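Numbering (the numbering used here), first residue to last: 328 to 1050.
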Amino acid sequence: MGLCGCGGPSGPDWSKAELPPGVVVRKEIRSMPREEQERIARAFLKMRENIGGSGTSPYFKMAVIHGGMPPLSTKKYPEYCAHRRTCFAPWHRPYVLEFERMLRRADLALGGDGNIGLPYWDWTRYEVNGEVFPRIIRDELTVDFPSSFFPIKPSPAFAPLATLPSDASLKAAFEASGLDELAFLSLRSSQFLNFACTASQTARYPSVEAPHNTIHGYVGGIMGTFQSAFHPVFWMHHCNVDRLFETYLQLNPDSWVDFQQAQAKFDPGGAKGYPNGPAGPFKPFVNHLTGEAFNAADCFTNTEPFGFLYDALLPVPPPQMREPPWLATFWDVNVLAVGQPCLLHVYVAAKGSAWERPPSDSRDDLVTPDSFAGSAGVFFLNSPAGCENCRVNKTFDVYVDVTPALRRNNIMPRNADIHVLVESADGTVSPIEQTTLPPPQLNGPRLTTVGIAESNLHADDGYITSLQQVLIAGCFLSGEPSGVYDDQTVAAVKRFQEAAGLEVDGLLDSATRDVMLYGLILSNDHSEEPGTRLASVKPGEVTKWTLVASTVPSRLRKPALLADLRKAFALWGEATEVRFEYVEPEAASRPPPGPSQALRLNHDTITVSFDRKSKSDPGAFDGPGGQLAHATADSIVFDPDELWDTSDAHSERKVTRGWDEVHYQILNVALHEIGHCIGLSHSEHPGDIMLPFYSPDRTVLSENDILRARMELGLVPSARESN
């Protein structure tokens, strides 16, 4: 690859030297021998040297791509911003690669052989060889730029490169914020869209861009601004982001299909420099193998032809056997309203108690109190003229996991207050109430033991209230929650345990809680509302159904998915004598023949699709389970963020019970949701498909399911009619 329009003056120019063939290996900077680190540092400094006057150094030409050079014209120095876009990681791949190729040329100019790879800073490993922040950068690369490095005096003025936080404060901040866990969770994202950028991340699946943003803020100085690419650690940081990207691609080889599906939903115009549609070019980069514009598809292929490999990808640990987290959630953060990049420092305190602000606004004091829960970065290009991409892609949601802080301070979530200090890029620290940022909301699972002793669950009124709400939603308990574990609640728990095939003792043991937490479907039950069942669902008549293929996650094979859906509809058809018939989406939306009949779009057809839960849905915060799917009279919507399997697939992770690793079978849930379309409410009869919780073993209709459906459709007298 090469940059468009970045040629130097005529005559010998080391920045255009031919690179030797072969593949370089990218290594963790702190793990490299000191002599290798110094070789890298010398090449970095060589890149800062001008070739033909001020502003002609290869380093300047590379760094200026990311944020431009105000107040000079953006026509000469365009500002490229890929944040909050699906192409965040892919666009940065050729950017990092082009820098690496120039670093190798600098090594050649210094007498080396050019076989050096750009190192990465693996911030998921908080300390390596006694270093948190790479010491070679502190020692060798924080010197000021040469006097003629910039074509003009930068505006706003650069913070000195030597302005860096201490290793102690960085480590404390990294640990409290769980940056390693954020990275691991992003790699478990069920769709590339979630992994790709913060605009598409969810509470369950943070994007790789989330820890990326926080690192920019924690390092600070120019690293925390729109001109961050001038900071030497920027390149090692983004090399690690690319390493995470490569890890995700190795784990999810269908990501290119996901990317194309995601891009196809966006305006093909887009911002300059990014794909127009699924496979457009990434400007301003040129693929050095083809001489053509670097294409989005190039980023999803093997890296060896481009000349680099990683010494090791991120090792993904097994899922943790823990409850879903409690999150301080900042909805719809608008970067245009924020003004400048910032860090959100989050603290917990007992509700109504006096919260002590840290004694000073120094980073060391901000991240070390017991009440500190972690930070999240709000990063964007706050260029003086305004960033084109930020004007279009301006909002995203921010999450901070406060669970460890709640446990550490023995605070139950319902008794917690959340306090936030906002550290802006210019160093000012303000309470969030004095900013334009949205206040946080505390969201978590429907049942939680955070802040409650195991032995005290039956006596805790808050926990029992939550338990009763779950039992009421599952039709095991009637009335209003009382907060008391009374005889009526014990009987409801026993009914739940019997239906779930658990030991029937009325005790809230871990097995019972696991099924309530992970297995309850709690799909919206509209079947008892008047007029919601399809009038066309009648024995002996045809009811059409269709699948919106464009919404199907790429990890699901459409033929296998259709086979499961056909089987589910066929089982209900056999039981109810309704003739369920699959039609292609185009046929489903076509008006019926006859001039007197109006277009009936989706009113005589059950539409099956995948769509994300809304932010107002509590199930969006309880991990697997919750609202797996949603049924109305004429639609079934599956949650695409769940880990779905078809009957022909046997996931290796299916046996795990970590909150972020539970798999569900399409067939089982489809059978349940079709029952709602027919008009059935939830059941509490053991073995029924209409039980309000998921079981991988229920793949057929029970006799009771069939009887209830036939009564609903008038094929046999109902219990009321027979009486």
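Cβ coordinates follow ideal geometry from the N, Cα and C atoms, glycine included.
In this text the structure is predicted, and so the values were computed from the model without any measurement.
Beta-carbon of His419 versus every beta-carbon of chain D: anything under 7 Å? Reference to chain D is not applicable here, since this structure consists of a single protein chain.
Per DSSP, what kind of secondary structure is Ala826 in: helix, strand or coil? Correct three-state label for Ala826: helix.
Leaving out five residues on either side along the sequence, give the residues of the same chain with a beta carbon under 7 Å from the beta carbon of Leu506. Trp450, Thr451, Pro538, Thr541
Please look up how many angstroms separate the CB atoms of Ile464 and Ala370, rounded, as I've assumed it's under 8 Å. The beta-carbon separation of Ile464 and Ala370, rounded to 13 Å, does not stay under the 8 Å limit for a contact.
What is the residue span of the beta strand (DSSP E) that Arg353 lies within? 351 to 353
By a C-beta neighbour count over all protein chains shown, 10 Å radius and 16 as the cutoff for buried, is Asp788 buried or exposed? exposed
7 Å Cβ cutoff met for Tyr447 and Met563: yes
Which residues bound the beta strand (DSSP E) around Ser962? 962 to 965
Leu468 - DSSP class collapsed to helix/strand/coil: Judged by DSSP in its simplified three-state form, Leu468 adopts coil rather than helix or strand.
Sequence-distant residues of the same chain with beta carbon closer than 8 Å to Ala897, five excluded per side: Phe907
Backbone CA spacing between Ala743 and Trp653 [nearest angstrom]: 11 Å
Reduced DSSP secondary structure (H/G/I, E/B, other) of Pro417: helix
Please state whether DSSP places Thr770 in a helix, a strand or coil. One detail in the question is off: residue 770 reads as Asn in this sequence, not Thr. In the three-state reduction of the DSSP assignment, Asn770 falls in the strand class.
When Ser974, Gln992, Glu467, Lys821 are compared against Pro967, the one with the closest alpha-carbon: Gln992
To the nearest angstrom, how far is it from the Cα of Arg375 to the Cα of Pro766? 43 Å
How close, in whole Å, do the beta carbons of Arg420 and Cys524 come, if the pair is a contact with beta carbons under 8 Å? At roughly 14 Å, the Cβ-Cβ gap does not stay under 8 Å, so Arg420 and Cys524 are not in contact.
Given that a residue counts as buried once 16 or more other Cβ atoms are within 10 Å of its Cβ, and exposed if not, what is Gln577? exposed
Closer than 7 Å by C-beta to Ala664: which residues in its own chain qualify, once you throw out the five before and the five after it? Chain order, please. Thr763
Simplified DSSP assignment, three categories, for Val423: helix
So, is Ser837 buried or exposed, given that buried needs 16 or more other C-beta atoms within 10 angstroms? exposed
4-residue-minimum alpha helix (DSSP H) runs that sit fully inside the stretch 721 to 757, ordered along the chain: Annotation: the stretch 721 to 757 contains the following complete segments of the alpha helix (DSSP H) (minimum length 4 residues), in chain order: 730 to 735.
For Thr934 versus Thr973, is the C-beta distance shorter than 7 Å? Cβ atoms of Thr934 and Thr973: not closer than 7 Å.
Measuring straight from C-alpha to C-alpha, what distance separates Glu901 and His1012? 21 Å
Using the rule of at least 16 other Cβ atoms within 10 Å of the residue's Cβ for burial, across every protein chain shown, is Leu616 buried or exposed? exposed
CA-CA distance, Ala503 and Asp724? 20 Å
Give every residue of the same chain whose Cβ lies closer than 8 Å to the Cβ of Val675, excluding the five residues on either side of it in the sequence, and list them in chain order. Ser698, Ala700, Val729, Ala732, Leu733, Asn736, Ile738, Ala743, Asp744, Ile745, His746
In whole angstroms, what is the alpha-carbon distance linking Leu640 and Met1017? Those two C-alpha atoms are separated by around 44 Å.
Using the Cα positions of Phe557 and Ser534, report the straight-line distance between them to the nearest angstrom. 24 Å
For Asp1015, name the three-state secondary structure that DSSP assigns. coil
Enumerate in chain order the residues of its own chain whose CB-to-CB distance from Asp625 is below 7 Å, with the five nearest sequence positions on each side excluded. Asn614
Grouping DSSP H, G and I as helix and E and B as strand, with all else coil, what is Glu908? In this structure, DSSP gives Glu908 an extended state, which the three-state scheme calls strand.
Does the stretch 782 to 800 come into contact with the stretch 809 to 825, if we say contact requires no fewer than three beta-carbon pairs (one atom in each stretch) closer than 8 Å? yes
Quick check on the burial criterion: 16 or more other C-beta atoms within 10 angstroms. Buried or exposed for Pro740? buried
Any idea what DSSP makes of Tyr447, helix, strand or coil? strand
Residues in the same chain with beta-carbon distance under 8 Å from Arg432, minus the five sequence neighbours each way, listed in chain order, please. By the criterion of a C-beta distance shorter than 8 Å, Arg432 is surrounded in its chain by Trp341, Ser342, Lys343, Ala344, Leu346, Pro385, Gly441, once the five residues flanking it on both sides are discounted.
So Asp585 and Gln518 are in contact, right, with Cβ under 8 Å, and what is the actual spacing, rounded? 6 Å
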